[in-house]
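My numbering applies: residue 7 is where the sequence shown begins, and numbers increase by one. Reviewing the structure listed below.
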Amino acid sequence: MIELPELVAGGLAAGTLSALVLGGGLLRSRRQKALLRAEVAELRTRLDGSEGAFVSEIEHLAARRMPAAAAQLAHPHLKVPGPVRPNTPGTPTGIAMEYVLTALREELTAQRVRIDAAAQAGLRGATREIQAALYRLQDALRGLQQRYDEPELAQTLFALDHENEQSLRRAQVAAVVCGAWVGLAREESHVVDAVTGGQARLAGYHRVKVHNHLEPGTALVSHAVEPVAIIVAELLDNALRHSAPDTDVVVNLEHVHHGVCVTVDDAGLGMTQDERARAQRLVAGSDPILLTDLGDPPRMGLAAIGQLTRQFDLGVDVSSPSPYGGVRAVLRVDTHLLGRIDPEERPPSVSAPRSTRERRERAARREPVPEPAAPTTPSAEPAAPAAPVVPVPAPEPVASAHEAEHERAAGHQEPGDLGGLPRRRRRSRTPAAGAPEQQPAVRRPEEAAAALAALQYGTAAARTPKRASAPESQRTEDEGGATR
7 MIELPELVAG GLAAGTLSAL VLGGGLLRSR RQKALLRAEV AELRTRLDGS
57 EGAFVSEIEH LAARRMPAAA AQLAHPHLKV PGPVRPNTPG TPTGIAMEYV
107 LTALREELTA QRVRIDAAAQ AGLRGATREI QAALYRLQDA LRGLQQRYDE
157 PELAQTLFAL DHENEQSLRR AQVAAVVCGA WVGLAREESH VVDAVTGGQA
207 RLAGYHRVKV HNHLEPGTAL VSHAVEPVAI IVAELLDNAL RHSAPDTDVV
257 VNLEHVHHGV CVTVDDAGLG MTQDERARAQ RLVAGSDPIL LTDLGDPPRM
307 GLAAIGQLTR QFDLGVDVSS PSPYGGVRAV LRVDTHLLGR IDPEERPPSV
357 SAPRSTRERR ERAARREPVP EPAAPTTPSA EPAAPAAPVV PVPAPEPVAS
407 AHEAEHERAA GHQEPGDLGG LPRRRRRSRT PAAGAPEQQP AVRRPEEAAA
457 ALAALQYGTA AARTPKRASA PESQRTEDEG GATR
């Protein structure tokens, strides 16, 4: 039999062993709990940091990135800031934020287009009414110009008509920017007439110097006349506004391989690279034009050019500087928009500059005059030299009194002085001995008044078509003044 002390000792040993096992398990569980607490604390810290980073990204998105993305729609050169943390792009958070910016741009663009379309519709309707009223006023002023002959009253009417023309040009430009029609349907006209017509719509037209190097009779098809006149007027207006008032704006009309070019050079301050790029985008007409992109107050000249170049297949380039230090603007009219008018049947207006090619042709038609032969028989008294016999050139068309007055005022040179080569001049007959010398005729006051009246009638006839209601004598005088 086992004694009691041995049983007690065995029980104590078993209890001790159990206590040791339980104590080790308790220590292990405590150690695991401590590790878990540390891991939980670390995860909580990381979560707090991630939440703070996400909050800061959202705040940065709302405060910086979204306003910059909205402003970039109107100013493409602006840059949208990136995320705050460099490791955000490419993560789900970064992709979601880029999606927010894209959706914002699309919605803002749609809203801008919708609002701008409503504004353009309202402005288009207003300008249509203004144009109609200004056209009625223009007809009334020109009717008064044809009715009254007083020089002072005529000068006042011309000044009022010019002011009305400038107001009409501004309304017309606003209507064109808003997508309206140009407002006039003209017949086929000389290119130089379209250019001078655009020049006449400006306040500083006297500073514009037009040099016509086109073939006589070069014309525009009917639907391109008014767009070309509007574009030339806006290019000249920009040149006059951005150059000193004591400088000239030079316009050259030249033939090129694909048509005709009208080159406008000014001596102004020029444009920076960004300004030139923006102006080129506007005149190209490739992008839709919004009123909100034109500034406050809106500057519509270049935008109107862009609309017309897209609608009528014209080309305008303003990317080159002028040799005079300003800006060079080139309008290109392709061959399919050009035609020809017989300059004898329908000559250009008397105020238009004559073509340099026409002058060279007239100078080439004049034959050189041979020198008179020396006398072979001696004479007791010196006789007057015989006049040489030369072929008489065909008479040139007689210019009207308006054209003669205009050429005298503009200081036009004779065709013979423009050839660049020495020419032999026709010798005048020596008056016979004892013959009275002819004195130049003195213009009487009646003749001066008639010349002034012809100048006024010729100007009105060149600017407007003949009216059926005008008196018969006045129409006859107008038609006589327009014949060249």
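The beta carbon of each residue, even a glycine, is placed where N, CA and C say it ideally should be. In this text the structure is predicted, and so the values were computed from the model without any measurement.
Integer-rounded CB distance, given that residue j should sit under 8 angstroms from residue i
i	j	result
I136	A177	5 angstroms
A497	L259	Not covered by the structure: residue 497. The range shown for the chain is 7 to 490.
E364	P157	In fact, because the Cβ distance is near 32 angstroms, the residues do not count as touching under 8 angstroms.
A239	R175	6 angstroms
G185	R130	7 angstroms
V268	L337	4 angstroms
D167	S355	That belief does not hold up - the Cβ atoms of D167 and S355 are roughly 16 angstroms apart, past 8 angstroms.
V183	A310	5 angstroms
R4	A181	The shown model of the chain, from 7 to 490, leaves out residue 4, and the question about it has no answer.
A206	E171	7 angstroms
G204	A235	4 angstroms
A493	V270	Outside the modelled stretch of the chain, which goes from 7 to 490, sits residue 493, for which no answer is possible.
Whole-angstrom distance between residue j and residue i, CA atom to CA atom
i	j	result
L344	A132	34 angstroms
S195	V339	14 angstroms
P353	D272	29 angstroms
L33	R91	43 angstroms
A230	V255	24 angstroms
N212	V289	A small fix is needed here, since residue 212 is His in this sequence, not Asn. C-alpha separation (whole angstroms): 26 angstroms.
R282	D323	10 angstroms
T202	L163	20 angstroms
L18	G31	20 angstroms
S326	D280	13 angstroms
V404	T224	Note on V404: pLDDT 36, under 50, position unreliable in the model; no value is reported.
A410	A335	Caution is warranted here: a pLDDT of 39 is assigned to A410, below 50, making its placement in the model unreliable, and no coordinate value can be reported.
D145	L159	17 angstroms
V86	L53	29 angstroms
E63	R120	32 angstroms
L208	E232	15 angstroms
G274	V333	7 angstroms
Q38	T22	24 angstroms
G96	H83	25 angstroms
L297	L49	54 angstroms
I101	P89	11 angstroms
R118	G128	15 angstroms
Y330	L147	39 angstroms
V197	L114	44 angstroms
A116	W187	25 angstroms
A59	N93	11 angstroms
G276	R153	46 angstroms
L161	D252	Correcting the residue identity first, residue 161 is Gln in this sequence and not Leu. Taking the straight line joining both Cα atoms gives about 24 angstroms.
Q151	H263	43 angstroms
L67	G55	18 angstroms
L140	D299	28 angstroms
A191	S357	22 angstroms
Where the alpha helix (DSSP H) containing residue i begins and where it ends
i	result
R213	Taken as a continuous stretch (DSSP letters only), R213 belongs to no alpha helix (DSSP H), as it is neither H nor E.
G203	197-205
E194	Run containing E194: none; DSSP gives neither H nor E here.
D167	157-183
Delimiting residues of the beta strand (DSSP E) encompassing residue i
i	result
L344	344-346
G321	321-327
V333	333-340
Give the list of continuous alpha helix (DSSP H) stretches no shorter than 4 residues that lie fully inside the segment 224-255. 228-247
Length at least 4, wholly inside the segment 258-311: the alpha helix (DSSP H) runs in chain order: 279-290
At least 3 beta-carbon pairs within less than 8 angstroms: the segment 299-307 vs the segment 354-361: no
Measuring CB atoms only, is the segment 250-264 touching the segment 214-233, in the sense that at least three cross pairs come out at less than 8 angstroms? yes
Is there contact here, the segment 312-321 with the segment 241-250, by at least three beta-carbon pairs under 8 angstroms? no
Scan the segment 17-98 and note each continuous alpha helix (DSSP H) run of 4 residues or more that stays entirely inside, going in chain order. 72-80
Should the segment 57-76 be regarded as contacting the segment 98-115, the criterion being three or more beta carbon pairs within less than 8 angstroms? yes
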